[in-house]
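Asks:
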Amino acid sequence: MKLKKILPQVLTLLFIVLIFGFFTMNAQENMDTRGIEFGFGFLKQEASFDIQFSLIDYDGSKSYARAYLVGLLNTLLVSVIGIVLCTILGVIIGVARLSPNYLINRTASVYIEFFRNIPLLLQIFFWYFAALRALPMPEDAPLLLGTSFMTIKGLFTPAPVWNNFDVFLITLIISLIIIFFFNKYAKKKQEEAGIQYPKFLISIGIFILVPALTFIFGGVDLTWSFPELKQLAKTSYTYEGGVGIPPELIALTLALTLYTATFIAENVRAGIQGIGKGQKEAAASIGLTTVQVLKLVIMPQALRIIIPPTTNQYLNLTKNSSLAAAIAYPDLVLVFAGTAMMQTGRAIEIVAITMATYLTISLSISLFMNWYNKSIAIKEK
Amino acid sequence: MFKYLKQLTSLVAMVAVLFTFTTETMAAKKSKTLKNTQKKGFVRCGVSQGLPGFSNADAAGNWTGVDVDVCRAVAAAVLGDANKVKFTPLSAKERFTALTSGEIDILSRNTTWTLSRDADIGLTFVGVNFYDGQGFMVRKSSGITSTSQFKDGISACTNIGTTTELNMRDFFNSRGISYTPVAFEKADEVVAAYDAGRCDTYTTDKSGLAAQRTKMSNPDEHIVLPETISKEPLGPVVRQGDSVWEDIVRWSLNTMIEAEELGITSANADMMKTSDNPAVKRLVGAEGELGAAFGLDNDWNLRIIKQVGNYGESYKRNIADTGILPDRGPNELWTKGGILYVPPSR
Chain U
49 MKLKKILPQV LTLLFIVLIF GFFTMNAQEN MDTRGIEFGF GFLKQEASFD
99 IQFSLIDYDG SKSYARAYLV GLLNTLLVSV IGIVLCTILG VIIGVARLSP
149 NYLINRTASV YIEFFRNIPL LLQIFFWYFA ALRALPMPED APLLLGTSFM
199 TIKGLFTPAP VWNNFDVFLI TLIISLIIIF FFNKYAKKKQ EEAGIQYPKF
249 LISIGIFILV PALTFIFGGV DLTWSFPELK QLAKTSYTYE GGVGIPPELI
299 ALTLALTLYT ATFIAENVRA GIQGIGKGQK EAAASIGLTT VQVLKLVIMP
349 QALRIIIPPT TNQYLNLTKN SSLAAAIAYP DLVLVFAGTA MMQTGRAIEI
399 VAITMATYLT ISLSISLFMN WYNKSIAIKE K
Chain B
1287 MFKYLKQLTS LVAMVAVLFT FTTETMAAKK SKTLKNTQKK GFVRCGVSQG
1337 LPGFSNADAA GNWTGVDVDV CRAVAAAVLG DANKVKFTPL SAKERFTALT
1387 SGEIDILSRN TTWTLSRDAD IGLTFVGVNF YDGQGFMVRK SSGITSTSQF
1437 KDGISACTNI GTTTELNMRD FFNSRGISYT PVAFEKADEV VAAYDAGRCD
1487 TYTTDKSGLA AQRTKMSNPD EHIVLPETIS KEPLGPVVRQ GDSVWEDIVR
1537 WSLNTMIEAE ELGITSANAD MMKTSDNPAV KRLVGAEGEL GAAFGLDNDW
1587 NLRIIKQVGN YGESYKRNIA DTGILPDRGP NELWTKGGIL YVPPSR
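Put into structure tokens, the structure is as follows:
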């Protein structure tokens, strides 16, 4: 009896090992006959190519490993911005979809149907090339908010120039710790004595006020370096100083956000609709306001329905960010599985590293979301 | 009577088999690629995704260009028909993997011959079919007429996965100019972005610049600057490890160039069989056994000349007459002031 249970599993395992072994041997043999060596030593070599946009110090004299890091950080940057924005937009659209106001809920559904049914790559191309065509040349760009310029070469905004930035950062972290303990205290008070503090307002207050004090006492100083127009040639201009955000990043973020938000909006709608009408009525009948009903009764339950499919959307967004290669945003695929692979010819090693990296990112997002999902699950006593 | 006939036919068949066996020779047996190509009935050739003059497909899917002609020449030599080629359009990034993994047998895709490519990644370059160099394109209205007018902060659009990215860095670094590289995976997007005004300059091989200029919304608004910042000898590539196939591709290209040098064209090739010049007679298969070493018949190079034409014809048809680069520059024969020089076919 036991054998009958174990045998299929052993066979499956054997099968997988054999297949994997076959592919490895095959690759090894082919690489041998073609004189290709396998190894990761190339990562230490000088990359000798430059990258348009980098969050860390980089130029072509650095190693391939460093170039990999630049690509990875760029991928994470666009993914994090995309996830935050598409969550906000998705929740708004999802709630709007359920609005009793005809105009609002129709607009929301049209938005969803439109953006989720057009292939993402097309949308990326659309936002990139439409934006490029529509945006003004640097010299014609109007001043935005008195400080920034939106041009075909990117968004140029003032760059912060810090003095004693570390002091500021530390107080920022301290203020977050204070907020954490304050909220714990406030919750205890409410449970013990029913006293309600305006938790949100006080938290925000601490978050702004405490770091602000460092400007007076901590010697922290912040000035701004403003972008200035620079002439390159007779009809060719750019901006100097400030921060230049490349149009590729803006187009990619926009496309990923608008696309993924449609799926999240549907998740949110499904989550809210999945909660029985009686819950809402019961909550209203004990005197809670509409906002309180949503915040205290509906959302905590709806989240359990919303989180698992939304995790999938976060993963999709991260993986879809690899389409960046099409519009010159230097993400992991463009920099590492693109240029670096071409310059070194190390296809197998580089594809393996890239795959492992995406796998790690995706699994990390999954782990975090599963943990979050568990923390809001019904705790049965 | 019929009995004998049957025996006779089988004898003839046996002799025929033996004969083909011997003409197939050792060379064909040694070359796996040649054998596979002859079995499949077409040459598998990797080309660009569309570079006018070099490899470009028209609306009906017919490929033309000087890079395409190299593959056609090989097809004419080994299969007898220059049209028996299967073209695979490849991006700069995909090209070497496609070749080393065996998806294609010749890579003829404006690829620069460099030491590291030749030595490192399982490739062998067989020759040069176009001498090129990297240049810059700018908008005429910018007033820039030389790279010496480039200033800090300039943005340059280009392709990833090419020597261009490396040369560009060397160039700007050696002049101490800070620049922004904007690198795309496909050439079409590079052109579109530069055309829209995303970059101040577009840099790639000069032939590429000349060809892509024809795709701009208004070609007359752009100029290619005179400076050449690198050597870019472009040529066909084969997989390492099949020296017979390597030789066939090398000498198919050489035949085209040699034919021009000897004045043999697609039109007069047949007549040249009775030429007084032994070199001419050898190249059209009227003398010598030039095909035997490859396991090919003796008319292999005649077929190349008749079906594809000599190098000059190919250049004129694809690059000069299309207005891409009417002046042959270094790609003229050594006898006429260029640097095209191939070892003799003998």
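Taken in sequence, the protein lines are chains U and B. Per our numbering, numbering of the first sequence is gapless, rising by one per residue and ending at 429. Per our numbering, numbering of the second sequence is gapless, rising by one per residue and ending at 1632. Every residue, glycine too, gets a C-beta built ideally from N, C-alpha and C.
Could you give the distance in angstroms between the alpha-carbon of G1623/B and the alpha-carbon of D1418/B?
Replies: 16 angstroms
Asks: From the beta carbon of E276/U, is the nearest beta carbon of chain B less than 8 angstroms away?
Replies: no
Asks: My parser needs the alpha helix (DSSP H) runs of 4 or more residues fully inside the region 77-165 of chain U; what are they?
Replies: 112-145, 150-164
Asks: Considering Y1488/B, what are the terminal residues of the beta strand (DSSP E) in which it resides?
Replies: 1487-1491
Asks: Enumerate in chain order the residues of its own chain whose CB-to-CB distance from Y1488/B is below 6 angstroms, with the five nearest sequence positions on each side excluded.
Replies: Around Y1488/B: M1423, C1443, Y1480.
Asks: Check each candidate in D107/U, L300/U, R317/U and name the one with the smallest Cα separation from L1452/B.
Replies: D107/U
Asks: Please tell me whether F1307/B has its Cβ less than 8 angstroms away from any Cβ of chain U.
Replies: Low confidence applies here, because F1307/B scores a pLDDT of 48, under 50, leaving its location unreliable; read the following figure in that light. No - not a single Cβ of chain U is within 8 angstroms of the one on F1307/B.
Asks: Below 8 angstroms between beta carbons: does that hold for P275/U and E288/U?
Replies: At a Cβ-Cβ threshold of 8 angstroms, P275/U and E288/U count as neighbours.
Asks: Between G1408/B and I84/U, is the Cβ-Cβ spacing less than 8 angstroms?
Replies: yes
Asks: Under 8 angstroms between the Cβ atoms of V316/U and I264/U?
Replies: Not a contact, by the Cβ cut-off of 8 angstroms.
Asks: Write down the C-beta distance between L40/U and P259/U rounded to the nearest angstrom, noting that I regard them as a contact closer than 8 angstroms.
Replies: Residue numbering for chain U in the displayed model covers 49 to 429; residue 40/U lies beyond these limits and cannot be assessed.
Asks: Using a Cβ-Cβ cut-off of less than 9 angstroms, list which residues of the region 1431-1448 of chain B approach chain U; keep chain order.
Replies: Q1435, F1436, K1437, D1438, G1439, I1440, S1441, C1443, I1446, G1447, T1448
Asks: For L371/U, decide whether its Cβ has a neighbour in chain B, counting only Cβ atoms nearer than 8 angstroms.
Replies: no
Asks: For T1541/B, return the contacting residues in chain U, with the cut-off set at a CB-CB distance below 9 angstroms.
Replies: By Cβ distance, chain U contributes nothing, its closest Cβ being about 27 angstroms from T1541/B, past 9 angstroms.
Asks: If you measure between the beta carbons of A189/U and V383/U, is that distance less than 8 angstroms?
Replies: no
Asks: Assuming L1539/B and V1412/B form a contact by the criterion Cβ under 8 angstroms, report the distance between their Cβ atoms to the nearest whole angstrom.
Replies: 7 angstroms
Asks: Taking buried to mean at least 16 other C-beta atoms within 10 Å of its own C-beta, is G1494/B buried or exposed?
Replies: buried
Asks: Who are the near neighbours of T123/U in its chain, counting only those whose CB is closer than 7 angstroms to its CB and skipping five residues on each side?
Replies: S369, D379, L380
Asks: Can you give me the start and stop residues for the beta strand (DSSP E) that R1568/B sits inside?
Replies: In the DSSP assignment, R1568/B falls outside any beta strand (DSSP E) and lies within the alpha helix (DSSP H) extending over 1564-1569.
Asks: Measuring CB atoms only, is the region 1491-1507 of chain B touching the region 1462-1479 of chain B, in the sense that at least three cross pairs come out at less than 8 angstroms?
Replies: yes
Asks: For the region 1483-1504 of chain B, enumerate the residues whose C-beta is nearer than 7 angstroms to any C-beta of chain U, in chain order.
Replies: G1483, R1484, D1486
Asks: What does the Cβ neighbour count give for V65/U, buried or exposed, with the cut at 16 atoms within 10 Å?
Replies: exposed
Asks: Which bits of chain B does P208/U rub up against, with CB to CB less than 7 angstroms?
Replies: Result: empty, since nearest Cβ-Cβ is about 21 angstroms, beyond 7 angstroms.
Asks: Would you decide whether L170/U is buried or exposed? Buried here means 16 or more other CB atoms lie within 10 Å of its CB.
Replies: exposed
Asks: If you count every other CB in all the chains shown that lies within 10 Å of the CB of G194/U, and 16 or more means buried, which is it?
Replies: exposed
Asks: Where does D1528/B sit, in a helix, a strand or coil, going by DSSP?
Replies: coil
Asks: Nearest by alpha-carbon distance to R1614/B: which of A1496/B, L1401/B, E1380/B is it?
Replies: A1496/B
Asks: When the Cα atoms are used, what is the spatial distance from V42/U to T387/U?
Replies: What is shown of chain U runs 49 to 429, which leaves residue 42/U out entirely.
Asks: Output needed for S1268/B: all residues of its chain with C-beta closer than 8 angstroms, excluding positions within five of it in sequence on either side, in chain order.
Replies: No answer is possible for residue 1268/B: the residues shown for chain B start at 1287 and end at 1632.
Asks: Using 8 angstroms as the limit for Cβ to Cβ distance, is F177/U near chain B?
Replies: For F177/U, the answer is yes, since a Cβ of chain B falls inside 8 angstroms of its Cβ.
Asks: Decide if the region 1379-1387 of chain B is in contact with the region 1352-1365 of chain B; the criterion is three or more beta carbon pairs, one per stretch, under 8 angstroms apart.
Replies: no
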